[in-house]
Structures are given as C-alpha cells and as structure tokens.
Amino acid sequence: MPQMIINGRKTDAISGQMLDVISPVDGTVFTQIPRGDEADVDLAVKAARIAAEGPWKKFTALERGRLLVKLSGLILENAEQLSQLEAKDTGKAISSARNDIQVMARYFEFYGTAADKVHGEVIPFLNGYSVQVIREPLGVTAHIIPWNYPAQMVGRSVAPSLAMGNACVVKPAEDACLSVIRVAELALEAGLPAGVFNVVTGLGEEAGASLSAHEDINFVTFTGSNEVGVLVQKAAAEHAVKCVLELGGKSAHVVFNDVNMKLAVPAIVKGIIANTGQTCTAGSRLLIQRDIFNEFIGLVAEEFSKTKVGTPDMDLHCGPVINKSQFDRVNRYLEQGKKDGLKILAQGQIQAGVPDGGYYVTPTLFVADNHDSDLLMQEIFGPVLVALAFDTEEQAVHLANITDYGLMAAVWSENGGIQQRVAKEVKCGQVYINGFGAGGGVELPFGGVKRSGHGREKGLVALEEMSTTKTIIHYH
Ligand code: NAP
Ligand code: MG
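365 is the number that the UniProt record's numbering gives to position 365 of the sequence shown; each next residue is one higher, with no gaps.
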C-alpha cells in the first residue's frame, strides 16, 4: 500500500485513516492512500524546516545539483515501473505516461545541472562601498499539484526548489499521487537527506488547505482550478507568503487564410485530445478566417473523427477522464453545446472492449456562430473543441483575448507580419507560431496572465521564483 514520505520515512496518517484510489479505467478501487491532514502536514513542514536549516543547508549548489541529476538517473532506471503506475493512476495512454516520466527526469536533470550556475551580482555604488546581491533559498516550499500530469508537475515544481536549497512539502491530488510518492522514495535512494522532499497525501480541503495555511511555509506553488487557486492565495496571504498560481486556460488557435493546412490540422487536433483534453494549455478554441473556414474545418473534422478512446494498454489518442465528476462535467458541457445551438461536426470513438464503469467520454468537435456559449468561455477540461469564424486580424485578436483566461495561444499563418503582430497582441504566457505545444518544454518559461494565474515555472526563471536575494552593503 502506498505511504506518505515524511522526514525520510514511509508513514501512514497519524489518524490511521485511508482513502480509496479509484481507477478511471473501470471505476473500481485498486489501492488506498493515507488520508493525511493538518497533523501530518505539520510534521512534514517541521521536518522540512529542520532539513532546510540543518543538513540540507550544508550542501553546496554543486552537491545539490549532483543529487538531483542522480535522482534523474534513478527515474530513468525505473521509468517503466513509473510509467505503468502513472498510466494506471491517471488512465492515460501508456505511451503518454512514458513521455511524462521522461519529462520528469528531464526536470531533475535540467535543474540539477543549473543549480551551480546561479550567480549573484556585484553592483557599482558610491565610493567606499562594496555591494553584493546574493541568492538564497526561501526555506520551506509548499507544492499543491493536480492529477492531470502528476509526474511532470512534481518534477516541474520540486526540482527548481531543491536546486535552490529549499526543502519541499508536496500535496499531490487524491485522484493521482502514486508516481509522486514513488519519486520521493527514489529521492531518498539518491541520497537526499530526510525531510528535504516530503509528500503528504490526502484531501484537498484537509491536507491541501492546511498546507497552504501553515504559518511556517515560505512559498506555495499551486496548479489546478481557479476557485481553489484563489483559496490557496488567500490562505498564503494570511502569513504574507509568496504564491505562484498556475490555473486553467481556454487557449485559442488563430488560423489565417494563408495557413499551411497540412501542418496545422494534425497539431490542432492533437492539441485538444492529448491527455483527453485534461491539460491546462489545451487548445480548446479554434478561430478560423472566414474565407477558408469550410475547407479548413472539413479537414479538422476528418482528422478529429479518427480519434479513438480506450484503456492505457490500448494506447490510443485518449484515455478515460480522471473521475466521475470530470465525466459528468464533460457530458454536461456536451449537452449544453447542443442546447446552445452549436453544431456537432465530428466525434471520436470509444473503442469496443473498454471496461464498464470507466470514465470514457466522446471527443467532440463543435462549430459555433458566435462566442457566447459557455463552451467557448469556460474551461471544460475534456476533449471538446469549438470552432468559430472570424473576418479580420483585429477581430481574431479580440476573440482570442475575450475569455478570463490567458495561458497559451497559437497563430497559424505564413505571413511574418501577422505572426509577429498577433503573437504580441494575444494576452497569454506562451504563444506558438505555426505549431502547438513543446513536448514538456522544460527550458521554456511558462505561466499565465489574467485568471490563468501569475508567477512563472519552467526554464531558469523558476530558480528566481523559488529563491530570494539578499543585498550585502559593505562600508569600507
Ligand atoms: P483542484 O480542486 O483545484 O485540485 C488541484 C489541487 O488542489 C489538488 O491537489 C487538490 O487536492 C488541491 N485542493 C483542493 N482543494 C483545496 C483546498 N481547499 N486547499 C488547498 N488545496 C486544495 O482541481 P480538481 O478538483 O482536481 O479539478 C477541477 C478543475 O480544475 C478541472 O476541471 C480543471 O478545470 C481545473 N484543473 C486545472 C489544472 C491545470 O493544470 N491548470 C489541473 C487540474 C485541474 P484534491 O485533488 O485531493 O482535492
Ligand atoms: Mg478535487
């Protein structure tokens, strides 16, 4: 049975309580995890504090980095086991799970090899002064991560934090946390001192809420829904704790008349069906210039209708969605689309032979006449794509920016002027030109604007987010 990792030990919840873990593949309980709560979080934060200010502080940046690189190697050695665990827990296709594990390993490699390359500054100042700006760890960092990419998310948020010398407490989602526990076990094998990498499993409103409200954390990074993100930020604000939020998205593809259709069509379909649409950056809106609308949407429909949904072992485009509540939510949106007068242009197929009781939804391509429907405004978090025509570049930018979200966008055109203007006008944290997604994009700064959140992860910028500066002013 999976256990939490607190202070270098595998532990159950102090209360002794457990939570069922349900397989999205068939709806059955396949294991249990400890139901950690405030008391367990408190132990984990205390262990992290002692580690951060004791043994971990004695490690040089080079030594910390080497441990992270070693952990990356252990992840690769155990990649198949981790992939199987991830696929079982999340329901995703086994090849996607394998890719996620490679990306997780890459995070520890990237930040491990960057740890000793973070330098301070020397600032020229008045005569008689020497000024240094040095970078220091924040202390104890809290990481609340979602179920859609548990392995990638734990790598993304924990690796830069440990590289900078912080100690972590991770609260994974109750729906998918097995790979997170396993990587914390591997971290111990790699030689990370006890208390540096803690994992507390449990319910969001118990373990998650008490972690974000804990008075002795110095930073919290949260990825998940907007509603919970706001709660986490409020809780952190009670103790003036810095917060990075990576929330939802409603990313738009903006497709102009001169698009390279061959390039665009498969990338656009993949951008919404990958991970069964359960990706914050999913390209869920398709804005197409009117002159080519019919031709282009015809090609998208043809490609979209080839989408197949099945179990992780079937290794198709989509797996089941994570749980009953996501299943109901996606199906509710499908019903609402019809009520709102949207036209279904294509649907994928659920493969014969998927087990009863699993959470399989039908990938659906809608066409809308206007941007009013909730299907175009709200994050669905499922394989649902909605297309809409536009006339001018100005209108396209307006529509791309019309939702509350601002995470990602793509512009499809062969015209350099259009590419640059639209890329600069869309309000989001990442924008693609003639492509979509960057296979993990570990090196590339990532995050949202507007209601998609604030702060940046990935790339070297995460090392700044997860550390602080101290200015030393020396009079002489
Ligand atoms: P969620 O509730 O926001 O969960 C994200 C994380 O926050 C999980 O670890 C969750 O734990 C924890 N959490 C829940 N309530 C909390 C609280 N009061 N205080 C602190 N932490 C708390 O997301 P969800 O319910 O899993 O999914 C709902 C919607 O969120 C999705 O449909 C989607 O729109 C969005 N979402 C976005 C992303 C993204 O990558 N941007 C990822 C996942 C979900 P438990 O899961 O154990 O409750
Ligand atoms: Mg939840």
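Even glycine gets a Cβ: it sits at the ideal position worked out from N, Cα and C.
key: 3 or more residues per run - each beta strand (DSSP E) lying fully within the stretch 196-223   = 197-199 and 219-223
query = Applying the criterion that 16 or more other CB atoms from any shown protein chain within 10 Å of the CB defines a buried residue, is F30 buried or exposed?
reply = Taking the first residue of the sequence shown as position 1, residue 30 is located at position 30. Label assigned to F30: exposed.
ask   = Helix, strand or coil: which one does DSSP assign to D175?
value = Walking along the sequence shown from the start, residue 175 turns up at place 175. Residue state, collapsed to three classes: coil.
query = How should Q430 be labelled, buried or exposed, when 16 other C-beta atoms within 10 angstroms of its C-beta is the threshold for buried?
reply = Taking the first residue of the sequence shown as 1, we reach residue 430 at position 430. Buried, by the Cβ-count rule.
key: Buried or exposed by the 16-neighbour rule on C-beta atoms within 10 Å, applied to H253   = Your numbering for residue 253 matches position 253 in the sequence shown. By the 10 Å Cβ count, H253 comes out buried.
message = Using CA atoms only, rank isn't needed, just tell me which of I380, L287, E425 and A97 is closest to V367.
response = Looking up residue 367 in the sequence shown gives position 367. Looking at the Cα atoms, L287 is the closest of the given residues.
N- and C-terminal bounds of the alpha helix (DSSP H) containing S161 = Position 161 of the sequence shown holds residue 161. S161 -> alpha helix (DSSP H) spans P150 to A163.
task = Using DSSP bridges, identify the partner residues of D20.
result = Numbered from 1 along the sequence shown, position 20 holds the residue referred to as residue 20. DSSP output for D20 lists Q32 as bridge partner(s).
query = What is the DSSP secondary structure of K308, counted as helix, strand or coil?
reply = Within the sequence shown, numbered from 1, the residue matching residue 308 stands at position 308. K308: strand per DSSP, three-state reduction.
ask   = CA-CA distance, N7 and V354?
value = Start at 1 with the first residue of the sequence shown, and residue 7 comes out as number 7. Start at 1 with the first residue of the sequence shown, and residue 354 comes out as number 354. Taking the straight line joining both Cα atoms gives about 41 Å.
message = Assuming R98 is part of the alpha helix (DSSP H), what are its boundary residues?
response = For the purposes of this step, residue 98 is identified with residue 98 of the sequence shown, where counting begins at 1. Note, R98: alpha helix (DSSP H), I94 to A114.
request  = Closer than 7 Å by C-beta to Q351: which residues in its own chain qualify, once you throw out the five before and the five after it? Chain order, please.
outcome  = Translated into the one-based positions of the sequence shown, residue 351 becomes position 351. If we look at Q351 and ignore the five residues flanking it on each side, its Cβ neighbours are K308, V309, G310, M314 and L316.
Pairwise C-alpha distance: I217 and L68 = As a position in the sequence shown, residue 68 is number 68, starting the count at 1. As a position in the sequence shown, residue 217 is number 217, starting the count at 1. Straight-line Cα distance between these residues: approximately 22 Å.
task = Report all residues from its chain with a CB closer than 8 Å to the CB of E388; omit the five preceding and five following residues, and keep chain order.
result = Residue 388 sits at position 388 when you count from the first residue of the sequence shown. Correcting the residue type first, residue 388 is Leu in the shown sequence and not Glu. Around L388: R285, L286, L287, I288, V367, A368, D369, N370, H371, L376 and L399.
query = So who's on the other strand from R285, going by DSSP bridges?
reply = If you number the sequence shown from 1, residue 285 lands on position 285. Answer is A252 and V386, bridged to R285.
Those residues which DSSP pairs with M408 across a bridge = By one-based count along the sequence shown, residue 408 stands at place 408. The partner list for M408 (beta bridge, DSSP) reads Q430.
request  = Classify R290 as buried or exposed, calling it buried when 16 or more other Cβ atoms lie within 10 Å of its own Cβ.
outcome  = In the sequence shown, residue 290 corresponds to position 290, counting from 1. R290 comes out exposed.
query = Between the stretch 396-413 and the stretch 335-345, do three or more beta carbon pairs fall short of 8 Å?
reply = Short answer: they don't touch.
query = Which class does D276 belong to by DSSP, given the choice of helix, strand or coil?
reply = Position 276 of the sequence shown holds residue 276. Reading off the sequence shown, one finds Thr at residue 276, where the question assumed Asp. Residue state, collapsed to three classes: helix.
ask   = How long is the line joining the alpha carbons of P55 and R49, rounded to whole angstroms?
value = Residue numbering aside, residue 55 sits at position 55 when the sequence shown is read from its first letter. Residue numbering aside, residue 49 sits at position 49 when the sequence shown is read from its first letter. Near 10 Å, if we compare the C-alpha coordinates of R49 and P55.
ask   = At what residues does the beta strand (DSSP E) containing T470 begin and finish?
value = Translated into positions along the sequence shown, residue 470 becomes position 470. The question names Thr, but residue 470 is Lys in the sequence shown. Counting along the chain, the beta strand (DSSP E) containing K470 begins and ends at S467 to Y475.
key: Spatial distance of T113 from G357 (CA atoms)   = The residue you call residue 113 lines up with position 113 of the sequence shown. The residue you call residue 357 lines up with position 357 of the sequence shown. Each residue's CA atom was taken as its position, placing T113 and G357 some 45 Å apart.
Per-residue burial, P37 [other beta carbons within 10 Å of its own, 16 or more giving buried] = Position 37 of the sequence shown holds residue 37. Note that residue 37 is Asp in the sequence shown, not Pro. With 16 or more other Cβ atoms from the protein chains shown falling within 10 Å of its own Cβ, D37 counts as buried.
request  = Kindly list the residues whose CB is nearer than 6 Å to the CB of C243, restricted to its own chain and excluding five residues on each side of it in sequence; keep chain order.
outcome  = Here residue 243 refers to the residue found at position 243 when the sequence shown is read from its first residue. Around C243: V220, Q233 and A236.
query = For the ligand NAP, is there a heavy atom less than 6 Å away from the beta-carbon of L231?
reply = Here the question's residue 231 lines up with position 231 in the sequence shown. Result yes, Cβ under 6 Å from the ligand NAP.
query = Can the beta-carbon of Y149 be found less than 7 Å from the beta-carbon of D116?
reply = Here residue 149 is taken as the residue at index 149 of the sequence shown, counted from 1. Here residue 116 is taken as the residue at index 116 of the sequence shown, counted from 1. No, Cβ-Cβ distance for Y149 and D116 is not below 7 Å.
ask   = Below 7 Å between beta carbons: does that hold for P172 and V180?
value = Reading the sequence shown from its first residue, position 172 is the one you call residue 172. Reading the sequence shown from its first residue, position 180 is the one you call residue 180. Result yes, Cβ atoms of P172 and V180 sit closer than 7 Å.
ask   = Is the closest heavy atom of the ligand NAP to the C-beta of V379 under 6 Å?
value = Working through the sequence shown from its first residue, we reach residue 379 at position 379. A small fix is needed here, since residue 379 is Glu in this sequence, not Val. Under cutoff, so the answer is yes.
ask   = In terms of alpha-carbon separation, which member of I418, V170, E227 and V321 lies closest to L211?
value = Within the sequence shown, the letter at position 211 stands for residue 211. Nearest Cα to L211 within the set I418, V170, E227 and V321: V170.
request  = Kindly examine the ligand NAP and report whether one of its heavy atoms sits closer than 6 Å to the Cβ of L342.
outcome  = Translated into positions along the sequence shown, residue 342 becomes position 342. No, the beta carbon of L342 sits no closer than 6 Å to any heavy atom of the ligand NAP.
ask   = Buried or exposed: N127, going by 16 or more other Cβ atoms within 10 Å of its Cβ?
value = As a working note, residue 127 is residue 127 in the sequence shown. Its Cβ having fewer than 16 others within 10 Å, N127 is exposed.
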